[in-house]
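The block underneath contains the structure these notes are about, expressed in structure tokens.
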Amino acid sequence: MVHAVEITAPFPNSPRVVYGQNPLIEVICQVRFPTILRISSEPPVEFQEQVRSEYPVLNVNNTTANIQVPQGVPPAIATLLKDLIPNRKLGGYDFVSADGKWKVTLTRDFLSLSTQEYRNWQEFRAHLGNPLKALVAVYAPAFFTRIGLRYQDLIQKSKLGLADSTPWSQLLRPPISGILSEQIVSDSVEECVSQTVIRLPQFNSKVHVNYGIARTVDKNEECFLIDSDFYSEERTEQNAVDGILNYFNRQSGRLFRWCIEDRLHTAMQPHPVGATV
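Once you know that position 46 of the sequence shown is 242 in this note's numbering, the rest is easy, because the numbers rise by one and skip nothing.
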């Protein structure tokens, strides 16, 4: 009997946890497909009917596409984030949940789901299920050209009960903290931005990681942003999307755990997935 073996490289395996002090500020899933002109040439009436029970609020989006950057991010890292998505006219539609926490965006060449209230993968995947099903049923994209899943984590010491004087070298592993690990100069660093593209072993996929210092607008508190964009740009059939997204989700947890030291992990109050808190 041949047993399937999960390839964990390049990030080491780690227990699956949910953080009581969740550092995620936004999670976005986007699936791109060959341009379907019908989406931009006529109102998506049938699509709306299929998602309206979950996303009753409709906003027509005729503005230029711009990536949303968290408040307090330095200009240098904001520019890097914006470069990930080129500016252009969307001519799309936003379908928003009644509580405003979930948003589905439909344009002529992509469907996305975003939330700033991420709790767990099962809930996120459930919110994506119906819009993705409606896309296939109504517009029948020939295939998908890009599958992406993006996590933005903001480490804010004050929310974790950590003193502002706590050095980043005690919270982040050396490959991530970089120059902030050098005590001689760390207190003098005003901006620190890095980006890395890492090849993943499955689905011909990669992860684009941007990380560095960010500051809150209200208190100018120094924070640390880890922005991980997992993606595959190979042709993907409809029945393969779930497997790729599940893989990205698992890799995202391993990547984040690899980035942080045990002290930060403990401060965020980890609980095993499925545990009652």
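Ideal Cβ placement from N, Cα and C applies to all residues, glycine included.
Where does residue i sit, in a helix, a strand or coil, going by DSSP?
i           : result
residue 449 : helix
residue 199 : Unreliable placement is indicated for residue 199, whose pLDDT of 39 sits below 50; no coordinate value is reported for it.
residue 308 : strand
residue 438 : helix
residue 214 : strand
residue 314 : coil
residue 463 : helix
residue 294 : coil
residue 360 : coil
residue 401 : strand
residue 455 : helix
residue 352 : coil
residue 271 : helix
residue 221 : strand
residue 287 : coil
residue 232 : coil
residue 322 : helix
residue 443 : helix
Using only the alpha-carbon positions, how far apart do residue i and residue j sit?
i           : j           : result
residue 447 : residue 321 : 16 Å
residue 406 : residue 376 : 16 Å
residue 442 : residue 449 : 11 Å
residue 434 : residue 218 : 31 Å
residue 291 : residue 378 : 47 Å
residue 399 : residue 337 : 20 Å
residue 246 : residue 331 : 9 Å
residue 228 : residue 256 : 19 Å
residue 199 : residue 208 : Because residue 199 sits at a pLDDT of 39, beneath the cut-off of 50, its placement in the model cannot be relied upon, and the following sentence gives the value as read from the coordinates. Going from the Cα of residue 199 to the Cα of residue 208 covers about 20 Å.
residue 371 : residue 404 : 15 Å
residue 472 : residue 342 : Confidence in residue 472 is poor, its pLDDT being 46 and thus under 50, which makes the residue's placement unreliable; the coordinate value appears in the next sentence. Rounded to the nearest angstrom, the two C-alpha atoms are 36 Å apart.
residue 316 : residue 324 : 13 Å
residue 467 : residue 358 : 19 Å
residue 414 : residue 459 : 26 Å
residue 393 : residue 401 : 10 Å
residue 297 : residue 349 : 17 Å
residue 412 : residue 420 : 10 Å
residue 319 : residue 395 : 28 Å
residue 216 : residue 461 : 11 Å
residue 373 : residue 397 : 25 Å
residue 248 : residue 222 : 23 Å
residue 239 : residue 258 : 13 Å
Measuring alpha carbon to alpha carbon, tell me which of the options ends up nearest residue i.
i           : options            : result
residue 231 : 437, 288, 351      : 288
residue 354 : 464, 307, 431, 343 : 464
residue 313 : 325, 293, 326, 331 : 293
residue 210 : 460, 454, 462      : 454
residue 139 : 307, 340, 315      : Any property of residue 139 remains undetermined from this structure, which presents the chain solely from 197 to 473.
residue 537 : 462, 459, 249, 452 : Since the first residue shown for the chain is 197 and the last is 473, residue 537 is missing from the structure and cannot be characterised.
residue 340 : 461, 438, 432, 349 : 432
residue 417 : 258, 356, 250, 254 : 356
residue 344 : 444, 222, 412      : 444
residue 251 : 319, 333, 318, 326 : 326
residue 243 : 333, 258, 389, 461 : 333
residue 528 : 390, 329, 254, 271 : As shown, the chain starts at 197 and ends at 473. That puts residue 528 outside it, with no answer to give.
residue 389 : 239, 271, 258      : 271
Just to check my reading of the structure: residue i and residue j have Cβ atoms closer than 8 Å, yes? What is that Cβ distance to the nearest angstrom?
i           : j           : result
residue 387 : residue 409 : 6 Å
residue 347 : residue 220 : 6 Å
residue 456 : residue 369 : 7 Å
residue 224 : residue 310 : 4 Å
residue 480 : residue 213 : There is simply no residue 480 to check, as the chain begins at 197 and stops at 473 in what is shown.
Taking Cβ positions only, does residue i come closer than 7 Å to chain D?
i           : result
residue 428 : Considering every chain present, this structure includes no chain D. It has just one protein chain.
Inset, instruction - Determine, using beta-carbon pairs with one atom in the region 283-303 and one in the region 225-241, whether at least three such pairs fall under 8 Å. - result: yes
Legend entry - Inter-stretch contact at 8 Å, needing at least 3 Cβ pairs: the region 426-446 / the region 353-370: no
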